[in-house]
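Quick note: the sequence shown uses this note's numbering, first residue 7, plus one each step.
Yeah, the Cβ is synthetic: ideal placement off N, Cα and C, and Gly gets one too.
This structure is a prediction, so every number in the text was calculated from the model and none was measured.
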Amino acid sequence: MIPLEQCATILNKGKKKYDNEKVKIIRQYLYLLAELQIENEKIALTKKQDYECKCNNIL
Numbered sequence: 007m008i009p010l011e012q013c014a015t016i017l018n019k020g021k022k023k024y025d026n027e028k029v030k031i032i033r034q035y036l037y038l039l040a041e042l043q044i045e046n047e048k049i050a051l052t053k054k055q056d057y058e059c060k061c062n063n064i065l
């Protein structure tokens, strides 16, 4: 995980400032989004491999 201090530094570069609790919530949300993206990519890769396997069996 990215350290909380680094997250706060990145998030607080703009005009809007976030306290530590908000930074924790935002960081957790971004990690959840990243996990979803990874899972979606795994599913897509599995489907692609299944499709390619089926195509190879036809030939």
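Where I8 is concerned, there is no enclosing alpha helix (DSSP H), because DSSP gives it neither an H nor an E.
The region 21 to 29 makes no contact with the region 37 to 54: fewer than 3 CB pairs, one atom from each, lie closer than 8 Å. A residue is called buried when at least 16 other Cβ atoms come within 10 angstroms of its Cβ; A50 does not meet this threshold and is exposed.
For I32 against L17, the beta-carbon gap comes to about 6 Å, under 8 Å, which counts as contact. Closest by C-alpha distance to C13, out of K30, K22, Q55 and K21, is K30.
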